[in-house]
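Participant: Chains as they are written, first to last, in the numbering used here: chain P, 569 to 855; chain A, 569 to 855; chain U, 569 to 855.
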Amino acid sequence: LTAPGDAAPAPGADTVFFLSDYGRQDELVGVVHAVLRRLAPRAVVVDLTHDVPAFDVRAGAAALSRALPYLGPGVVLAVVDPGVGGDRRAVALQVPGPGPRWLVGPDNGLLVPAARAAGGVERAVGLPASDPRPGRAVQGPATFDGRDRFAPAVTAICDGADLAALGVSLGPTTLVEAAEPVNETRTLDDGRHRLRAEVTWVDRFGNVQLAAAGDVIPGAVREVSVTVRAGRGDPGPLPRVRTFSDLSPGQPGLLVDANGRLALVVREGSAAARFGLVAGAMVEAVW
Amino acid sequence: LTAPGDAAPAPGADTVFFLSDYGRQDELVGVVHAVLRRLAPRAVVVDLTHDVPAFDVRAGAAALSRALPYLGPGVVLAVVDPGVGGDRRAVALQVPGPGPRWLVGPDNGLLVPAARAAGGVERAVGLPASDPRPGRAVQGPATFDGRDRFAPAVTAICDGADLAALGVSLGPTTLVEAAEPVNETRTLDDGRHRLRAEVTWVDRFGNVQLAAAGDVIPGAVREVSVTVRAGRGDPGPLPRVRTFSDLSPGQPGLLVDANGRLALVVREGSAAARFGLVAGAMVEAVW
Amino acid sequence: LTAPGDAAPAPGADTVFFLSDYGRQDELVGVVHAVLRRLAPRAVVVDLTHDVPAFDVRAGAAALSRALPYLGPGVVLAVVDPGVGGDRRAVALQVPGPGPRWLVGPDNGLLVPAARAAGGVERAVGLPASDPRPGRAVQGPATFDGRDRFAPAVTAICDGADLAALGVSLGPTTLVEAAEPVNETRTLDDGRHRLRAEVTWVDRFGNVQLAAAGDVIPGAVREVSVTVRAGRGDPGPLPRVRTFSDLSPGQPGLLVDANGRLALVVREGSAAARFGLVAGAMVEAVW
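This is the structure:
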């Protein structure tokens with residue numbers, strides 16, 4: 569985290585990037601959209617995803633971090649919030665850009681990785697217990713802060729409000745950080761290298777993203793021996809490839825994925841199903 | 569329902585609130601969006617939800633009613649329509665605002681609860697058998713009224729058409745109303761009170777909303793004995809709390825939810841799964 | 569496919585119609601939206617669907633073709649792309665309109681049926697290996713062309729770029745075409761007619777769309793004997809009806825659906841579940 573900066577960003581924003589674990593089966597996402605539309609009618613809302621596993625702050629933080637480099641100017645609204653209504657803080661963060669300049673959500677580890685990816689927290693404020701727009705009365709429910717606290721704060725930022733008008737200043741170093749995923753590499757006695765890395769994401773296709781950067785394995789390595797912990801069967805030696813079509817259909821392999829991370833994949837198939845892997849599982853690779 | 573009013577709302581609208589049971593797995597929702605975009609290019613569409621259980625008019629009506637207080641000006645397009653193509657009427661309703669001034673959809677009980685929440689039906693018209701915009705020929709299919717009848721009517725309203733131009737006037741009292749959910753409270757011989765209430769909604773997290781208003785149980789009551797009918801095990805005595813974080817993780821309780829209704833919840837867990845509850849199930853509470 | 573035309577469409581577009589098999593559980597769709605928002609801030613994105621079954625090019629092509637007649641002016645961005653990163657070409661196609669004038673995606677059979685429905689391919693270009701906008705460097709990942717190749721090409725078209733500026737000209741007849749679904753009718757020895765048709769789509773409600781046009785069975789035929797191959801039980805003689813409400817709840821029948829195709833349906837029920845049918849299954853009908 570950087571020290572609090574002096575520079576205020578240009579006021580206002582016209583794009584809201586919205587991520588949550590609300591799902592789509594209910595009207596929760598739609599109601600937040602409606603509040604944004606009512607309070608900031610000129611803002612366009614880009615839904616990143618609303619299918620973060622319920623209450624899974626780390627998964628939400630990972631998705632937001634992956635998306636961040638591709639976002640243009642705007643405000644991030646992120647809600648994965650098992651502690652809603654409790655004493656966890658609600659915060660708005662300011663970051664340097666050139667992407668989104670603000671992130672709004674619960675102070676539970678969801679925002680900090682993305683804020684770091686955006687250059688670090690310049691300023692942070694804690695939002696009041698209800699609608700933070702000036703002059704609004706504190707309201708009743710304490711179970712739907714996305715609608716009642718975060719969305720109004722986002723629209724105030726869209727309208728050009730300075731963070732100082734929205735809440736009390738917080739030291740960026742006091743923000744809650746989630747545990748980093750396991751990601752360790754060491755050299756074995758025989759000169760080979762071993763990576764031990766946590767699964768950070770299983771995508772829709774069953775591709776298994778690891779916490780490790782794609783370049784941890786030198787480009788010249790053509791084959792890697794992979795072991796899974798608490799999974800189903802060991803992949804064994806796998807080819808290191810550039811893309812899916814370097815594999816034959818159904819063949820597993822390792823590649824550097826679209827986020828620059830190491831990923832275990834099966835061409836036109838699910839590596840997660842094949843090897844019994846879910847987010848949080850541990851994978852070892854030796855080369 | 570109120571009597572038909574004289575006041576016409578300001579013509580036109582620039583927001584469409586869209587709810588359906590079309591799901592997202594097909595292109596149905598997208599095609600309706602495309603029609604709205606083509607016919608009313610300046611309107612913004614806010615999707616409330618499209619995952620109302622198939623054909624479940626009451627669930628759709630409940631979702632729309634819950635959302636309504638949070639919607640700004642605009643037109644509601646709502647389609648949960650097991651009788652499509654049959655003799656159920658297609659209608660457009662006018663309500664007082666300050667939120668949406670119009671609701672468009674089938675006359676099967678889907679719209680009336682939301683119209684009531686919006687202040688009551690001021691005017692109602694029955695839409696013709698196909699595209700209701702002036703001068704359009706009657707078209708063939710009778711299975712996708714969202715695309716062929718309702719969306720064109722919505723865009724005509726966005727463009728400022730008066731309801732009278734869209735169809736024949738209907739008496740608001742002739743509109744079909746769905747059965748109200750069960751919601752009964754009575755005093756027992758021993759002076760305690762018993763609530764018998766239907767489950768109106770199980771949300772994505774497994775929170776169980778009841779038909780009962782949150783204030784049916786006086787605020788001073790700290791513990792309520794809860795029984796479920798046709799569920800799995802009885803919750804027994806449950807704490808009455810303000811919010812999730814007044815419970816420990818995994819603990820069940822009762823609270824007033826974000827819609828002001830009584831809800832059976834489990835912190836960071838699913839009350840529906842824990843007690844075998846689905847929409848339509850019956851819950852009894854004694855205090 | 570038509571021969572390449574001379575007429576250039578009016579430059580630029582303000583609507584993007586987006587279809588993929590990315591699903592909604594991850595941030596993939598949201599990231600593509602963010603790229604579109606950043607590079608073409610005035611364009612509105614209409615999501616057709618993102619739940620095409622993973623890697624199922626034919627299902628994606630069918631959905632896009634069904635949607636096409638309802639789309640207004642704009643650009644289609646379609647990505648169902650099991651060959652991403654390989655030697656399949658990435659293409660942008662120009663068609664006559666009056667709907668979308670351009671389609672962008674992989675050259676694997678996904679786009680051609682919709683292009684044909686839009687009047688045939690007038691011009692086609694192959695996109696370079698990365699961001700095709702002039703002056704952009706070739707980038708690294710080869711696994712997320714929706715984000716890195718197709719979306720930038722779409723935004724260049726939105727901005728008024730001519731196809732010739734985006735890639736090398738291709739002969740429209742060289743485009744890959746997917747296998748057509750089975751759709752055969754013949755007259756039997758006894759004078760009756762037999763249709764053999766592939767299931768092209770099972771929608772959210774379980775309606776079973778066949779490859780056959782709705783008018784293959786003359787309007788006067790009131791009953792059709794239906795047999796399913798590799799399904800569960802035979803429907804037997806079914807009524808031919810105009811719409812769902814001509815059936816009683818739970819009753820199966822045949823109708824011409826909202827796309828003008830023959831469909832096997834059950835009123836307020838799932839014909840797919842009832843008869844064990846999925847996309848690709850074969851249905852025979854005799855009348």
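Think of the CB as a built atom: it goes at the ideal place given N, C-alpha and C, for glycine as much as any other residue.
Using 9 Å as the threshold, is the C-beta distance between A779 of chain A and V767 of chain A below it?
Facilitator: Within the second sequence, numbered from 1, the residue matching residue 779 of chain A stands at position 211. Within the second sequence, numbered from 1, the residue matching residue 767 of chain A stands at position 199. Contact: yes.
Participant: Specify the secondary structure class of G640 of chain U as computed by DSSP and reduced to three states.
Facilitator: What you label residue 640 of chain U is simply residue 72 of the third sequence in a count that begins at 1. In the structure shown, G640 of chain U sits in coil (DSSP, three-state: anything other than H, G, I, E or B).
Participant: Answer with yes or no whether the minimum CB distance from F773 of chain P to chain U is below 9 Å.
Facilitator: Walking along the first sequence from the start, residue 773 of chain P turns up at place 205. So, interface residue.
Participant: Considering R842 of chain A, what are the terminal residues of the beta strand (DSSP E) in which it resides?
Facilitator: The residue given as residue 842 of chain A occupies position 274 in the second sequence. R842 of chain A -> not in any beta strand (DSSP E); alpha helix (DSSP H) instead, spanning 839 to 843.
Participant: Can you grab the Cα-Cα spacing for the pair R800 of chain P / G774 of chain P, in whole Å?
Facilitator: Locating residue 800 of chain P in the first sequence gives position 232, counting from the first residue. Locating residue 774 of chain P in the first sequence gives position 206, counting from the first residue. In a straight line, the C-alpha of R800 of chain P is about 14 Å away from that of G774 of chain P.
Participant: Run down chain A in chain order and give the residues with a C-beta less than 8 Å from the C-beta of T711 of chain P.
Facilitator: Taking the first sequence and counting its residues from 1, one reaches residue 711 of chain P at position 143. Contacts between T711 of chain P and chain A, judged by CB atoms closer than 8 Å, involve T811, F812, L823, D825, A826 in chain order.
Participant: Starting from A683 of chain A, trace the beta strand (DSSP E) in both directions and tell me its first and last residue.
Facilitator: Against the second sequence, residue 683 of chain A aligns to sequence position 115. A683 of chain A -> not in any beta strand (DSSP E); alpha helix (DSSP H) instead, spanning 680 to 685.
Participant: Going residue by residue through the region 717 to 751 of chain P, where are the continuous beta strand (DSSP E) segments of at least 3 residues, counting only ones entirely within it?
Facilitator: 736 to 738
Participant: Going along chain P in order, which residues have a C-beta closer than 9 Å to the C-beta of R592 of chain A?
Facilitator: As a working mapping, residue 592 of chain A is identified with position 24 in the second sequence. Chain P residues near R592 of chain A: R592.
Participant: Rounded to the nearest angstrom, how far is the Cβ of G653 of chain P from that of T811 of chain A, given a contact under 8 Å?
Facilitator: One-based indexing of the first sequence puts residue 653 of chain P at position 85. One-based indexing of the second sequence puts residue 811 of chain A at position 243. Contact holds; Cβ gap of about 3 Å.
Participant: If the criterion is Cβ atoms closer than 9 Å, does the pair L596 of chain U and V644 of chain U meet it?
Facilitator: Residue 596 of chain U sits at position 28 when you count from the first residue of the third sequence. Residue 644 of chain U sits at position 76 when you count from the first residue of the third sequence. Their beta carbons are not under 9 Å apart, which means L596 of chain U does not touch V644 of chain U by this criterion.
Participant: Let me check understanding here. Comparing Cα to Cα, which of P:E748, P:P621, P:D758, P:A692 lies closest to L731 of chain P?
Facilitator: The count along the first sequence starts at 1 and reaches residue 731 of chain P at position 163. Answer by Cα proximity: P:A692.
Participant: Assuming contact is defined by CB atoms lying nearer than 9 Å, are A849 of chain P and V784 of chain P in contact in what I supplied?
Facilitator: Within the first sequence, numbered from 1, the residue matching residue 849 of chain P stands at position 281. Within the first sequence, numbered from 1, the residue matching residue 784 of chain P stands at position 216. No, the pair does not count as a contact, with Cβ atoms beyond the cut-off.
Participant: For my contact list, R842 of chain P and P820 of chain P are in at a C-beta cut-off of 8 Å; report their separation, rounded to the angstrom.
Facilitator: Counting from one through the first sequence, the residue named residue 842 of chain P turns up at place 274. Counting from one through the first sequence, the residue named residue 820 of chain P turns up at place 252. At roughly 6 Å, the Cβ-Cβ gap stays under 8 Å, so R842 of chain P and P820 of chain P are in contact.
Participant: Per DSSP, Q662 of chain P is paired with what?
Facilitator: In the first sequence, the residue the question calls residue 662 of chain P occupies position 94. Looking at the DSSP assignment, Q662 of chain P forms a beta bridge with P:W670, P:R691.
Participant: From A:I725, A:V776, A:L695, pick the residue whose C-alpha is nearest to that of A578 of chain A; which is it?
Facilitator: Locating residue 578 of chain A in the second sequence gives position 10, where the first residue counts as 1. When only C-alpha atoms are compared, the closest one is A:I725.
Participant: So what's A810 of chain P in DSSP terms, helix, strand or just coil?
Facilitator: Sequence index remark: in the first sequence, residue 810 of chain P carries index 242 (1-based). The displayed chain sequence assigns Arg, not Ala, to residue 810 of chain P. Reduced to three states, the DSSP call for R810 of chain P is coil.
Participant: Could you work out which residue in U:G844, U:L830, U:A831, U:L815 is closest to P650 of chain A when comparing CA atoms only?
Facilitator: As a working note, residue 650 of chain A is residue 82 in the second sequence. It is U:L815 whose Cα lies nearest to the Cα of P650 of chain A.
Participant: Starting from A629 of chain P, trace the alpha helix (DSSP H) both ways and give me its first and last residue.
Facilitator: In the first sequence, the residue the question calls residue 629 of chain P occupies position 61. Note, A629 of chain P: alpha helix (DSSP H), 625 to 635.
Participant: Please check if any C-beta of chain U sits within less than 9 Å of the C-beta of V761 of chain A.
Facilitator: The residue labelled residue 761 of chain A in the question sits at position 193 within the second sequence. Looking at the sequence provided, one finds His at residue 761 of chain A rather than Val. Closer than 9 Å: no.
Participant: What in chain P is Cβ-close to A635 of chain A, meaning under 8 Å?
Facilitator: Taking the first residue of the second sequence as position 1, residue 635 of chain A is located at position 67. By Cβ distance, chain P contributes E595, G598, V599, A602.
Participant: Going by the CB atoms, is the gap between A853 of chain A and V794 of chain A shorter than 9 Å?
Facilitator: Within the second sequence, residue 794 of chain A is the residue found at index 226, counting from 1. Within the second sequence, residue 853 of chain A is the residue found at index 285, counting from 1. Cβ atoms of V794 of chain A and A853 of chain A: closer than 9 Å.
Participant: Below 6 Å CB to CB, which residues in the same chain sit around F623 of chain A once its five sequence neighbours on both sides are set aside?
Facilitator: Position 55 of the second sequence holds residue 623 of chain A. Here the set comprises P650.
Participant: Count the other CB atoms, across all protein chains shown, that sit within 10 Å of the CB of R610 of chain U; report buried if there are 16 or more and exposed otherwise.
Facilitator: Here the question's residue 610 of chain U lines up with position 42 in the third sequence. Result: exposed.
Participant: With respect to the alpha helix (DSSP H) encompassing A779 of chain U, which residues constitute its N-terminal and C-terminal limits?
Facilitator: Here residue 779 of chain U corresponds to residue number 211 of the third sequence, with the count starting at 1. First-last for A779 of chain U: 776 to 781, but that is the beta strand (DSSP E), not the alpha helix (DSSP H).
Participant: Is the shortest distance between the beta-carbon of P609 of chain P and the beta-carbons of chain U less than 9 Å?
Facilitator: As a first step, residue 609 of chain P is located in the first sequence; it is residue number 41 there, counting from the start. Not one chain U Cβ lies under 9 Å of P609 of chain P.
Participant: Does T723 of chain P come within less than 9 Å of chain U when only Cβ atoms are used?
Facilitator: By one-based count along the first sequence, residue 723 of chain P stands at place 155. At least 9 Å separates the CB of T723 of chain P from every CB of chain U.
Participant: Check this for me: beta carbons of A686 of chain P and G665 of chain P, under 9 Å apart or not?
Facilitator: Counting from 1 along the first sequence, the entry for residue 686 of chain P is found at position 118. Counting from 1 along the first sequence, the entry for residue 665 of chain P is found at position 97. When the beta-carbon positions are compared, A686 of chain P and G665 of chain P come within less than 9 Å of each other.
Participant: Counting only beta-carbon separations shorter than 9 Å, does W769 of chain P have a partner in chain U?
Facilitator: Taking the first sequence and counting its residues from 1, one reaches residue 769 of chain P at position 201. True, the Cβ-Cβ gap to chain U drops below 9 Å.
Participant: Interface residues of chain A around R605 of chain P at Cβ under 7 Å?
Facilitator: In the first sequence, the residue the question calls residue 605 of chain P occupies position 37. Simply T583, V612, V614, G640.
Participant: If you measure between the beta carbons of L679 of chain A and A733 of chain A, is that distance less than 9 Å?
Facilitator: One-based indexing of the second sequence puts residue 679 of chain A at position 111. One-based indexing of the second sequence puts residue 733 of chain A at position 165. No, these two residues do not count as a Cβ contact at 9 Å.
Participant: Apart from the five residues on each side of it in sequence, which residues of its chain come closer than 7 Å, Cβ to Cβ, to V750 of chain U?
Facilitator: Here residue 750 of chain U refers to the residue found at position 182 when the third sequence is read from its first residue. Cβ neighbours of V750 of chain U beyond the five flanking positions: R764, A765, E766, A779, M850.
Participant: Counting along the chain, where does the beta strand (DSSP E) carrying H618 of chain A start and finish?
Facilitator: The residue you call residue 618 of chain A lines up with position 50 of the second sequence. First-last for H618 of chain A: undefined, no H or E at that position.
Participant: Please report the straight-line C-alpha distance between V584 of chain A and P720 of chain A, rounded to a whole angstrom.
Facilitator: Here residue 584 of chain A refers to the residue found at position 16 of the second sequence. Here residue 720 of chain A refers to the residue found at position 152 of the second sequence. Between V584 of chain A and P720 of chain A, the C-alpha separation is close to 12 Å.
Participant: Please list, in chain order, all residues of the same chain as L830 of chain P whose beta carbon is under 6 Å from its beta carbon, the five residues on each side excluded.
Facilitator: Indexing the first sequence from 1 puts residue 830 of chain P at position 262. The beta carbon of L830 of chain P sits closer than 6 Å to the beta carbons of L778, A780, G782 from its chain, once the five residues preceding and following it are set aside; these are given in chain order.
Participant: Should A798 of chain U be labelled buried (16 or more other beta-carbon atoms within 10 Å of its own) or exposed?
Facilitator: On the third sequence, residue 798 of chain U is found 230 positions in, with the first residue counted as 1. Classification of A798 of chain U: exposed, given that the 10 Å Cβ count is below 16.
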